[in-house]
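**Q** This is the structure I have questions about; it appears just below.
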Amino acid sequence: MRPLFLAFYIFLFASPGGVIAQQAYHLEETEIRLLAGQVHQALKLPISTVTDKTVPPPSGDVHDYVSYARYYWPDPDKPNGLPYIARDGQHNHEQVARGDHARLWNFFQSVEILAADWHVRGDERSARRAGEWLRAWIVTPATRMNPHLEYAQVQLGHNNNHGSNYGVIDARGFGQVIDALRLLHDSPALKPGEESAIKEWFAEYLHWLTTAENAVTEHAMKSNHGSWYLAQAIPIARYVGRDDLALTLCEEAKSLIAEQINADGSIPREIRRVNGLGYSVFNLKAHARTARLAAGLGIDLWNHTAPNGASLRRAVDFLRPYNQAPETWPYSQNARLDPGFLDELVKEMESATSKSSKKITREFAEKQIRRQASPDARMPPNENTHSALWGKNGEAWSPASRLPDFSFAGYARGERSIPDSPVTHNIRDFGAKGDGVTDDSAAFQRAVAAVDPGVILIPAGRYLITDIIDINKSNLVLRGEDPARTILYFPKPLNDIRPDWSKTTTGMRTSNYSWAGGFIWVKGSLGLQKLADITRPAARGATTLTLASTDGLSAGDTIAVCQRDLPDNSLAIHLYSDEPADVANLKGSTKISLPARIVRIDGLTITIDRPLRTDLRLEWKPAVHCHAPTVSEVGVENLTFEFPVTPYGGHFTELGFNAMAFSDVAHCWIRNIRIRNSDSGLMIKGDFCTIDGVVMDSLRAPDKVRGGQGHHGIYLSGNDNLFTHFNIRLQFEHDITMGACSSGNVVSEGWGEDLCLDHHRRAPYENLFTNIDAGAGTHLWRCGGGRALGWHCGARGTFWNIRARQPLAYPPPKFGPWSINVVGLTTKEPSSITTNGLWFETLAPETLLPPNLHLAQRLRRLKESAPVPAE
44 MRPLFLAFYI FLFASPGGVI AQQAYHLEET EIRLLAGQVH QALKLPISTV
94 TDKTVPPPSG DVHDYVSYAR YYWPDPDKPN GLPYIARDGQ HNHEQVARGD
144 HARLWNFFQS VEILAADWHV RGDERSARRA GEWLRAWIVT PATRMNPHLE
194 YAQVQLGHNN NHGSNYGVID ARGFGQVIDA LRLLHDSPAL KPGEESAIKE
244 WFAEYLHWLT TAENAVTEHA MKSNHGSWYL AQAIPIARYV GRDDLALTLC
294 EEAKSLIAEQ INADGSIPRE IRRVNGLGYS VFNLKAHART ARLAAGLGID
344 LWNHTAPNGA SLRRAVDFLR PYNQAPETWP YSQNARLDPG FLDELVKEME
394 SATSKSSKKI TREFAEKQIR RQASPDARMP PNENTHSALW GKNGEAWSPA
444 SRLPDFSFAG YARGERSIPD SPVTHNIRDF GAKGDGVTDD SAAFQRAVAA
494 VDPGVILIPA GRYLITDIID INKSNLVLRG EDPARTILYF PKPLNDIRPD
544 WSKTTTGMRT SNYSWAGGFI WVKGSLGLQK LADITRPAAR GATTLTLAST
594 DGLSAGDTIA VCQRDLPDNS LAIHLYSDEP ADVANLKGST KISLPARIVR
644 IDGLTITIDR PLRTDLRLEW KPAVHCHAPT VSEVGVENLT FEFPVTPYGG
694 HFTELGFNAM AFSDVAHCWI RNIRIRNSDS GLMIKGDFCT IDGVVMDSLR
744 APDKVRGGQG HHGIYLSGND NLFTHFNIRL QFEHDITMGA CSSGNVVSEG
794 WGEDLCLDHH RRAPYENLFT NIDAGAGTHL WRCGGGRALG WHCGARGTFW
844 NIRARQPLAY PPPKFGPWSI NVVGLTTKEP SSITTNGLWF ETLAPETLLP
894 PNLHLAQRLR RLKESAPVPA E
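Encoded structure:
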């Protein structure tokens, strides 16, 4: 191997954290000159692509990139060594050498060095050689790489020898290729039409990177893998003209800082690795790259401090004491690090500080984005990027305005990250086999009954489950290794296990599992016991309430403000902005609640920490209840739910191939899961729950009437739940459903084949859909629900930054009342906005800021709010 690439090869296959030259995106002139100094060896290196491998990938297509997991080894207890087993920190160099990894990184490194030399010295030999590399890897049909990573990081014997999400990090060097293309823009490197072909290739790759199961799973990772995903995806998004996506990902980096880094600067997920110091540095290098990119969009990540006190600066400072004496690191670090391993990051941080007074403002970045964005025929021209409902930073908003406050959505009211507690138990210790043959139902039930509290690891395997796993207690986590390796298989539907027949509002016989229940079923009670009547009416947006008594209440208590309807359905009509609607079949059944925290008590008056979502009227018997959920802090993560491949019989024929259900629980979560071949995916009823990182797909034959492959993708009921980072790769009858009187729920950062945003009548009000790619866009507003139960969507339902492949229209008549808000929709229609009437603000989704309203509101609230007592 040539000396130029030997050091880089060591970086790839040695533990992170060694002496690594900074390969920053948006290169500075000094860095370009350093790269150019290596050109002589780069000019000599033979070009080799994916088609030069001698061992074909599992697909048989030599154009597919393939790599093999470097920490996986043959199982010595198996005759053929399969499936391979993991040994963290132990490199299987022979295994890795079979794949394309080294070839790919030679491409990354070479094209950047050659482009740098063209930039510095104007040597046409370097430019032309860079063009040959680009042509071979991306353009020429005989040698090009297919634009995906489906066979990256194959773990032999697992997942039918397909790749895993961990392989996405292999391609983090594509940002270097983007840098090279920038430097080569005026060179003889490419022939006419070739850069268009390259841009098209990257657009296809970005589509894979934002929709494929492995990529979506990687995106949701909270370790260095999630950091490197952002560092890879942002420059590609900018190159292909998706600055809206780049902005969203840069904002995500702020949340990732809070997820990963403690207030003292430590990074627990990396520290616990066998090379904890090296991986901590490796993770921060990804953040440093992202910070450079974000600076170009007016976002300062180096000077950002998360609500929990975490920051990149503190993370660097946490490692500084070991920079000259890495042997003093108090945690595990098997691989040797040289003194000064942190120098490049320290230099980067200090450089960012020196530039902070000159940093690009957000306004400038937004103008740049508008200037660079190519015109879209689907969008009418509009120079505005901020909605009149919000403004730039929320200055146009008030608690009583028609735009609701969605900032409380998600686990712990959006104020804390989902915990990542250590494993305490293993499902195998309770008798589970995971061999795909043995019925493991009883083992799961024993584990759930015995562990209190704890985290139960479900190791890689295929677990046959033929009974419902009920969870009726708090502080329990079921954690797989990852969705590709931990699979729960359910051969029978719920109705065969616990029969529960019913009928629709039109009298059709069906199972209640058509719209409820799941094989992992978390059940509780929200504990809504009345504490005191509210004695004075109050208007929506108010935060002070007058009670009959405040005995037993204290500042910091979590309560629920509740109201119930009269036979005249006046409360239900109020939830439709007091517009007449056919609600005859509700028959006075409407009940609503708003969970809130008391911040002050003054005599008989209490102040709560959030505005009322509706008016309080004495005829609706308003009262304060305690909010004391009996089940909380339950999580299910890192696994797949799989059901048999049977034809879908159509609407209301479902017998309960349903993955999960939450029933009256709070502060629970589902993350990083896959659901395959289900009737319905997730049935969520509760408060402050987060569902993050869900992929749904199906091999079922669709029904012949409407072409669906299932009933409900997710059904959301309750208050302030968050469904985010989803990928719905099939067509449900109802992809995303808002249930009766649900409010404050947020659906964000997701994609679907052809999404419908179902509002199922019974007044779901003040819910948000934001930053969503609806796919084909043929039936966005298609909804269900029974007769005479009101319009589909209630008051102030908000749709913010919704994109599709075809123009979309304002919702049809009787979808909802005048007060719904539609901002930033792919459309050809003109804006029509009235303060107390129709609000259809047709800002281009590609330039709308903020792209994610929920994230902007949450960050604003947490920044402005004082510390609050822990729940």
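FYI, our numbering numbers position 306 of the sequence shown as 349, with every residue one higher than the one before it. For each residue, glycine too, the CB sits at the ideal point set by N, CA and C.
1) Where residue 398 and residue 666 are concerned, what is the direct C-alpha to C-alpha distance, given to the nearest angstrom?
2) Counting Cβ pairs closer than 8 Å, one from the stretch 317-337 and one from the stretch 884-893, do we hit at least three?
3) Suppose you measure from the CA of residue 477 to the CA of residue 200; what does that come to, to the nearest Å?
4) Kindly list the residues whose CB is nearer than 8 Å to the CB of residue 466, restricted to its own chain and excluding five residues on each side of it in sequence; keep chain order.
5) So does the stretch 859-868 actually touch the stretch 833-843, counting three or more Cβ pairs closer than 8 Å?
6) Is it true that the CB of residue 775 sits closer than 9 Å to the CB of residue 755?
7) Can you tell me whether residue 150 is helix, strand or coil according to DSSP?
8) Near residue 648, which residues of its chain fall below 6 Å by C-beta distance, leaving aside the five closest residues on each side in sequence?
9) May I have the straight-line CA-CA distance separating residue 296 from residue 455, to the nearest angstrom?
10) Tell me the rounded alpha-carbon separation between residue 421 and residue 848.
11) Report the three-state DSSP secondary structure of residue 756 (helix, strand or coil).
12) Just list the residues that DSSP pairs residue 519 with in beta bridges.
13) Drop a sphere of 10 angstroms on the beta-carbon of residue 406, count the other beta-carbons inside from all chains shown, and report buried for 16 or more, exposed for fewer.
14) Let me make sure I understand the geometry here. Which of 237, 235 and 222 has the alpha-carbon closest to that of residue 280?
15) What is the residue span of the alpha helix (DSSP H) that residue 620 lies within?
16) For residue 481, which three-state DSSP category applies?
17) Out of curiosity, what's the CA-to-CA distance linking residue 640 and residue 451?
18) Would residue 637 and residue 581 qualify as a contact pair, given that the criterion is a beta-carbon distance under 9 Å?
19) Does residue 577 get closer than 9 Å to chain C when you measure Cβ to Cβ?
20) Among 530, 189, 832 and 159, whose alpha-carbon lies nearest the alpha-carbon of residue 107?
21) Could you say if the stretch 167-183 and the stretch 232-240 meet the contact criterion of at least three C-beta pairs nearer than 8 Å?
22) From which residue to which residue does the beta strand (DSSP E) around residue 634 run?
23) Determine the direct distance from the alpha carbon of residue 95 to that of residue 105, and round the result to whole angstroms.
24) With a threshold of 16 other CB atoms inside 10 Å of the CB of residue 544, please say whether the residue is buried or exposed.
25) Would you mind stating whether residue 527 and residue 257 have Cβ atoms separated by less than 9 Å?
26) Specify, as a first and last residue, the run of the alpha helix (DSSP H) that residue 862 falls within.
27) Short of 7 Å in beta carbon distance, which residues of its chain neighbour residue 364, apart from the five on each side in sequence? Order them along the chain.
28) Given residue 741, which residues of its chain have a CB within under 6 Å of its CB, disregarding the five upstream and five downstream residues?
29) Using the Cβ count rule (16 or more neighbours within 10 Å means buried), how would you classify residue 371?
30) If I follow the unbroken alpha helix (DSSP H) through residue 906, where does it start and stop?
31) Please go through the same chain and pick out, in chain order, the residues whose beta-carbon is closer than 6 Å to the beta-carbon of residue 786, but skip the five residues on each side of it.
32) Considering only the alpha carbon of each residue, which of 293, 827 and 74 lies closest to residue 159?
33) Kindly give me the distance between the Cβ atoms of residue 712 and residue 678, rounded to whole angstroms, as I take these residues to be in contact under 8 Å.
34) Taking buried to mean at least 16 other C-beta atoms within 10 Å of its own C-beta, is residue 355 buried or exposed?
35) Per DSSP, which residues does residue 797 bridge with? Please list them.
36) Which residues bound the alpha helix (DSSP H) around residue 257?
**A** Inspection of the coordinates gives the following:
1) As a position in the sequence shown, residue 398 is number 355, starting the count at 1. As a position in the sequence shown, residue 666 is number 623, starting the count at 1. Note that residue 398 scores a pLDDT of 49, beneath 50, so its modelled location is shaky and nothing firm can be said.
2) no
3) Along the sequence shown, read from residue 1 onward, the residue named residue 477 stands at position 434. Along the sequence shown, read from residue 1 onward, the residue named residue 200 stands at position 157. Between residue 477 and residue 200, the C-alpha separation is close to 15 Å.
4) In the sequence shown, the residue the question calls residue 466 occupies position 423. Taken in chain order, the residues that qualify are 498, 499, 500 and 522.
5) yes
6) Locating residue 755 in the sequence shown gives position 712, counting from the first residue. Locating residue 775 in the sequence shown gives position 732, counting from the first residue. For residue 755 and residue 775, yes; Cβs fall inside 9 Å.
7) By 1-based counting over the sequence shown, the position of residue 150 is 107. The answer is helix: DSSP assigns residue 150 an H, G or I state.
8) Taking the first residue of the sequence shown as 1, we reach residue 648 at position 605. Here the set comprises 587 and 589.
9) Against the sequence shown, residue 296 aligns to sequence position 253. Against the sequence shown, residue 455 aligns to sequence position 412. For residue 296 and residue 455, the distance between alpha carbons rounds to 20 Å.
10) In the sequence shown, residue 421 corresponds to position 378, counting from 1. In the sequence shown, residue 848 corresponds to position 805, counting from 1. Residue placement at residue 421 cannot be trusted, given a pLDDT of 32 that sits under 50; what the coordinates show is reported in the next sentence. Each residue's alpha carbon lies about 9 Å from the other.
11) Taking the sequence shown and counting its residues from 1, one reaches residue 756 at position 713. DSSP places residue 756 in strand when its eight states are reduced to three.
12) As a first step, residue 519 must be located in the sequence shown, where it is residue number 476. Answer is 497 and 677, bridged to residue 519.
13) The sequence position of residue 406 within the sequence shown is 363, counting from 1. Per-residue confidence for residue 406 stands at a pLDDT of 39, beneath the threshold of 50, marking its modelled position as unreliable; the derived number appears in the next sentence. Flag for residue 406 reads exposed.
14) Locating residue 280 in the sequence shown gives position 237, where the first residue counts as 1. When only C-alpha atoms are compared, the closest one is 222.
15) Taking the first residue of the sequence shown as 1, we reach residue 620 at position 577. Residue 620 -> no alpha helix (DSSP H), and no H or E assigned at all.
16) Walking along the sequence shown from the start, residue 481 turns up at place 438. If DSSP states are grouped into helix, strand and coil, residue 481 belongs with the strands.
17) Stepping through the sequence shown from its first residue, residue 640 is reached at position 597. Stepping through the sequence shown from its first residue, residue 451 is reached at position 408. Cα to Cα, the separation comes out at about 11 Å.
18) Working through the sequence shown from its first residue, we reach residue 637 at position 594. Working through the sequence shown from its first residue, we reach residue 581 at position 538. Against a cut-off of 9 Å, the Cβ pair of residue 581 and residue 637 comes out as no contact.
19) Structure shown: chain C not included; a single protein chain is present.
20) Within the sequence shown, numbered from 1, the residue matching residue 107 stands at position 64. By alpha-carbon distance to residue 107, the top candidate from 530, 189, 832 and 159 is 189.
21) yes
22) The residue labelled residue 634 in the question sits at position 591 within the sequence shown. Per DSSP, residue 634 belongs to the beta strand (DSSP E) from 634-645.
23) For the purposes of this step, residue 105 is taken as residue 62 along the sequence shown, with counting starting at 1. For the purposes of this step, residue 95 is taken as residue 52 along the sequence shown, with counting starting at 1. Computed Cα separation, rounded: 8 Å.
24) Position 501 of the sequence shown holds residue 544. Residue 544 should be labelled exposed.
25) The sequence position of residue 527 within the sequence shown is 484, counting from 1. The sequence position of residue 257 within the sequence shown is 214, counting from 1. Here residue 527 is near residue 257, since their CB atoms are less than 9 Å apart.
26) For the purposes of this step, residue 862 is taken as the residue at position 819 of the sequence shown. Annotation for residue 862: no alpha helix (DSSP H) segment contains it, and DSSP assigns it neither H nor E.
27) Working through the sequence shown from its first residue, we reach residue 364 at position 321. Counting only Cβ-Cβ distances below 7 Å, and skipping sequence neighbours, we find nothing.
28) As a position in the sequence shown, residue 741 is number 698, starting the count at 1. The beta carbon of residue 741 sits closer than 6 Å to the beta carbons of 720, 752 and 773 from its chain, once the five residues preceding and following it are set aside; these are given in chain order.
29) Counted from its first residue, the sequence shown places residue 371 at position 328. Exposed.
30) Against the sequence shown, residue 906 aligns to sequence position 863. Unbroken alpha helix (DSSP H) run through residue 906: 896-907.
31) The residue given as residue 786 occupies position 743 in the sequence shown. Excluding residues within five positions, the ones whose Cβ falls inside 6 Å are 656, 762, 808 and 809.
32) Stepping through the sequence shown from its first residue, residue 159 is reached at position 116. Among 293, 827 and 74, the Cα nearest to that of residue 159 is on 74.
33) Here residue 712 is taken as the residue at index 669 of the sequence shown, counted from 1. Here residue 678 is taken as the residue at index 635 of the sequence shown, counted from 1. Yes, they are in contact, since the Cβ atoms of residue 712 and residue 678 sit about 5 Å apart, within 8 Å.
34) Your numbering for residue 355 matches position 312 in the sequence shown. The residue in question, residue 355, is buried, as its Cβ has 16 or more Cβ neighbours within 10 Å.
35) Along the sequence shown, read from residue 1 onward, the residue named residue 797 stands at position 754. Beta-bridge pairing links residue 797 to 818.
36) The residue labelled residue 257 in the question sits at position 214 within the sequence shown. Note, residue 257: alpha helix (DSSP H), 256-262.
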